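In terms of the numbering used here, the sequence shown is numbered consecutively and its last residue is 702.
Virtual Cβ for every residue (Gly too), placed ideally from N, Cα, C.
Fair warning: this is a prediction, and the values are worked out from it, not measured in the lab.
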Amino acid sequence: MTSLEIDHFAIAAETLAEGVEYVQDTLGVTLSDVGHHAKMGTHNRLLSLGPSVYLEVIAIDPEAKPPMFPRWFDLDHFRGAPRLTNWICRTTNLPAALELGPDGSGEPMEFVRGNFHWHMGVPANGVLPFGGAFPALISWHGDAHPCARLEDQGCRLEALTLGHPEAPNLAASLAAYHITPEVQIETSGRPKLRVEVQTPSGTKVLA
Numbered sequence: 496m497t498s499l500e501i502d503h504f505a506i507a508a509e510t511l512a513e514g515v516e517y518v519q520d521t522l523g524v525t526l527s528d529v530g531h532h533a534k535m536g537t538h539n540r541l542l543s544l545g546p547s548v549y550l551e552v553i554a555i556d557p558e559a560k561p562p563m564f565p566r567w568f569d570l571d572h573f574r575g576a577p578r579l580t581n582w583i584c585r586t587t588n589l590p591a592a593l594e595l596g597p598d599g600s601g602e603p604m605e606f607v608r609g610n611f612h613w614h615m616g617v618p619a620n621g622v623l624p625f626g627g628a629f630p631a632l633i634s635w636h637g638d639a640h641p642c643a644r645l646e647d648q649g650c651r652l653e654a655l656t657l658g659h660p661e662a663p664n665l666a667a668s669l670a671a672y673h674i675t676p677e678v679q680i681e682t683s684g685r686p687k688l689r690v691e692v693q694t695p696s697g698t699k700v701l702a
């Protein structure tokens, strides 16, 4: 069975400032400096959730050249308040992991930013299966990983819950993998994600 580990979470926002304000007000901590993804025309700020998991606030970079294809996480169509839209799992065998996934899991796309080098499965239309309740799949190359550079502010992932109208089908798709840590799945009227984060001021929720 192909193993996946939760790598990070994506909080989408119409502007990076709005997303950062939402996370910092909710968790009571400060995010990293701005990073840029030239290939996707997006930028982000990060927060450590432990030695191997982090949180990403991501938005379209208004100063970047737009890509000739849909942006990841369906950011081209994102509207409304900042919210948790996606989770990303890492694997050591991206082609095999994508092969096991449902239609629309994406094709491997290469990214390089500084000494970070990774491949990620990006759907042709930018929309991940089950409205984002199915994870984006990523494979890091070399030893460089964002967590190693992020300040530890005492935040830790406690739980991830996925909601979807077709919860049994989502569960069946995820059952093809061994995922750590474990994920809870429930039936909901629309796709949704909920993350519980332990912070220095208690457990907080991002959704």
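field: Exposed unless 16 or more other CB atoms sit within 10 angstroms - verdict on Asn539
entry: Your numbering for residue 539 matches position 44 in the sequence shown. Buried, because 16 or more other Cβ atoms sit within 10 Å of the Cβ of Asn539.
- prompt: Of all the options Leu595, Asp598, Thr580 and Gly637, which has the alpha carbon lying nearest to the alpha carbon of His503?
  reply: Looking up residue 503 in the sequence shown gives position 8. Measuring from the Cα of His503, the nearest candidate turns out to be Thr580.
message: So, does the region 673-683 touch the region 656-663, judging by three or more C-beta pairs under 8 Å?
response: yes
query: Which one of Cys642, Ala592 and Ile553 has the shortest CA to CA distance from Phe573?
result: Here the question's residue 573 lines up with position 78 in the sequence shown. Taking only the C-alpha atoms, the option nearest Phe573 is Ile553.
field: For Ala508 and Leu645, the rounded distance between their alpha carbons
entry: As a position in the sequence shown, residue 645 is number 150, starting the count at 1. As a position in the sequence shown, residue 508 is number 13, starting the count at 1. Going from the Cα of Leu645 to the Cα of Ala508 covers about 21 Å.
message: Once DSSP output is grouped into helix, strand and coil, what is the label at Asp520?
response: Within the sequence shown, numbered from 1, the residue matching residue 520 stands at position 25. In the structure shown, Asp520 sits in a helix (DSSP, three-state: H, G or I).
field: For Cys650, the three-state DSSP class (helix, strand or coil)
entry: Sequence index remark: in the sequence shown, residue 650 carries index 155 (1-based). Collapsing the DSSP output to three states places Cys650 in coil.
task: From the DSSP output, in three-state form, read off Asn581 for me.
output: Position 86 of the sequence shown, counted from the first residue, corresponds to residue 581. Of the three classes helix, strand and coil, the one that applies to Asn581 here is strand, per DSSP.
Beta-carbon proximity of Arg608 to Ala702, cut-off 8 Å: Locating residue 608 in the sequence shown gives position 113, counting from the first residue. Locating residue 702 in the sequence shown gives position 207, counting from the first residue. Contact: no.
- request: Give me whichever residues DSSP pairs with Glu605 in a beta bridge.
  value: One-based indexing of the sequence shown puts residue 605 at position 110. In DSSP, Glu605 forms a bridge with His614.
- prompt: Among Thr656, Pro695 and Ala671, which one has its Cα closest to the Cα of Ser498?
  reply: By one-based count along the sequence shown, residue 498 stands at place 3. Of the candidates Thr656, Pro695 and Ala671, the one whose C-alpha sits nearest the C-alpha of Ser498 is Ala671.
query: At a cut of 8 Å, does the region 694-701 reach the region 521-528 through at least three beta carbon pairs?
result: yes
query: With His544 and Leu652 assumed to form a contact (beta carbons below 8 Å), what rounded beta-carbon distance in angstroms separates them?
result: Position 49 of the sequence shown holds residue 544. Position 157 of the sequence shown holds residue 652. Note that residue 544 is Leu in the sequence shown here, rather than His. Confirmed, Cβ separation roughly 5 Å.
query: Which residue from Ala667, Asn610, Arg566 and Ser668 puts its Cα closest to that of Val622?
result: On the sequence shown, position 127 is the one that residue 622 refers to. Out of Ala667, Asn610, Arg566 and Ser668, Arg566 has the C-alpha closest to the C-alpha of Val622.
- prompt: Helix, strand or coil: how does DSSP classify Ser668 here?
  reply: Taking the sequence shown and counting its residues from 1, the one referred to as residue 668 is at position 173. Reduced to three states, the DSSP call for Ser668 is helix.
task: Locate the alpha helix (DSSP H) running through Ala533, then write down its first and last residues.
output: The sequence position of residue 533 within the sequence shown is 38, counting from 1. That residue, Ala533, is in no alpha helix (DSSP H); it is neither H nor E in DSSP.
message: Once the 5 residues before and after Gln648 are set aside, which same chain residues still bring their CB inside 6 Å of it?
response: Taking the first residue of the sequence shown as 1, we reach residue 648 at position 153. Answer for Gln648: Val524, listed in chain order.
The alpha helix (DSSP H) enclosing Glu594, as first and last residue numbers: Start at 1 with the first residue of the sequence shown, and residue 594 comes out as number 99. Run containing Glu594: Leu589 to Leu595, per the alpha helix (DSSP H) assignment.
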